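Shown next, in structure tokens, is the structure this report addresses.
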Amino acid sequence: MAMLEVRDLEVYYGVIQAIKGISFDVDQGEIVALIGANGAGKTTTLHTITGLIHAKSGKIVYEGTDITKVPGYKLVGMGIAHVPEGRRVFATLTVLQNLKMGAYTRKDKDEMEATLKMVYSRFPRLEERKNQPAGTLSGGEQQMLAMGRALMSHPRMIVMDEPSMGLSPIYVNEIFDIIQKINGDGTTVLLVEQNAKKALSIADKAYVLETGSIALSGDAKELMNNDQVKKAYLSE
């Protein structure tokens, strides 16, 4: 059984249909990438899954439970964490305070401290800067903070929206390495990313969105060799 099942999803902004009946699966332990150009519907799909936008029709099932109408704040307690586009850190709070905001559903302080140590092991710079205001971090460090904050909820699935956007090539490589390590720790990853080449290089499978529909899907490595994908997204 798939960990996440999206079936016949339709989403509208007023009279404009943004998502046109798409269906896809995310299996436990996978990295699944949604790629496509600006306006293809990637972020809208992610926001619908995470309860920020309501679907007009269709169904979203997570671990056997219909979550189509479940609000986002409840999904965190069900094991889904969201790393939003643009990082959205609390600039005036310290790094440590930002991380603890991600653990608001956690009740056991010892478990939370253990998770914090794990996050610091994945992001050593966050520990070095734990008492700094988050707004003083570089863009790459803020992205690490957003990812670390999501991990503080100890999710079984993490959904990431454009984690490489606006970052220097060095930070892009580091972020994708960390995504692989997070997945290696057992966390399922649903990744929305404009950097198709990097996303496909780490994903197990991928879906190509075009104007709200799935144009192509399959094994990520096979899609990297697809002529249509190469021409449209890989600059080859």
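In full-length UniProt numbering, the protein residues as written are 1 to 236.
Glycine included, every Cβ here is placed at the ideal spot set by N, Cα and C.
Note that the structure is a prediction, hence the values are computed from the model and not measured.
**Request:** Please determine, among Pro71, Ser153, Ile60, Asn131, the residue with the shortest C-alpha to C-alpha distance to glutamate 111.
**Result:** Ser153
**Request:** Leaving out five residues on either side along the sequence, give the residues of the same chain with a beta carbon under 7 Å from the beta carbon of aspartate 27.
**Result:** Ala2, Met3
**Request:** Go through its chain and collect everything with a Cβ distance to alanine 55's Cβ below 8 Å, but skip five positions before and after it.
**Result:** Leu9, Glu10, Val11, Ile19, Thr48, Thr68
**Prompt:** Is the segment 27 to 38 in contact with the segment 192 to 200, if contact means three or more CB pairs nearer than 8 Å?
**Reply:** yes
**Request:** Output the boundary residues of the beta strand (DSSP E) element that contains phenylalanine 24.
**Result:** 16 to 26
**Prompt:** When the Cα of aspartate 185 is compared with those of Arg122, Val95, Thr44, which residue comes out closest?
**Reply:** Arg122
**Request:** Answer with buried or exposed for residue 277, where buried requires no fewer than 16 other C-beta atoms within 10 angstroms of its C-beta.
**Result:** Here the chain comprises residues numbered 1 to 236, so residue 277 is not present and cannot be evaluated.
**Item:** methionine 144 and valine 83 closer than 8 Å at C-beta
**Value:** no
**Asked** Is glycine 139 buried or exposed, if buried means 16 or more other CB atoms sit within 10 Å of its CB?
**Response** exposed
**Asked** Opposite lysine 205 in the DSSP bridges: which residues?
**Response** Val32, Asp219
**Asked** Expressed to the nearest angstrom, what Euclidean distance is found between the alpha-carbon atoms of glycine 102 and isoleucine 35?
**Response** 27 Å
**Message:** Could you check whether the segment 89 to 98 touches the segment 56 to 76, counting it as contact only if at least three pairs of C-beta atoms, one from each stretch, sit closer than 8 Å?
**Reply:** no
**Asked** First and last residue of the alpha helix (DSSP H) that includes lysine 230?
**Response** 227 to 233
**Prompt:** What is the DSSP secondary structure of aspartate 110, counted as helix, strand or coil?
**Reply:** helix
**Prompt:** Along the chain, where does the alpha helix (DSSP H) that runs through tyrosine 73 open and close?
**Reply:** 72 to 77
**Per-residue DSSP class, three states only, for aspartate 66** = strand
**Request:** Return helix, strand or coil for threonine 115, following the three-state DSSP convention.
**Result:** helix
**Message:** Pull the bridge partners of arginine 88 from the DSSP assignment, please.
**Reply:** Answer by DSSP bridge pairing: none, since arginine 88 is not bridged.
**Request:** Please name the residue, chosen from Leu191, Glu63, Thr136, that lies closest to isoleucine 179 on a Cα-to-Cα basis.
**Result:** Leu191
**Asked** With distances taken between CB atoms, is the gap from glutamate 193 to glutamate 174 smaller than 8 Å?
**Response** no
**Message:** Less than 7 Å between C-beta atoms, sequence neighbours within five positions excluded: which residues of the same chain meet that for serine 213?
**Reply:** Lys20, Ile22
**Message:** Using only the alpha-carbon positions, how far apart do lysine 230 and tyrosine 171 sit?
**Reply:** 24 Å
**Message:** Considering only their Cβ atoms, is the gap separating threonine 211 from alanine 40 smaller than 8 Å?
**Reply:** yes
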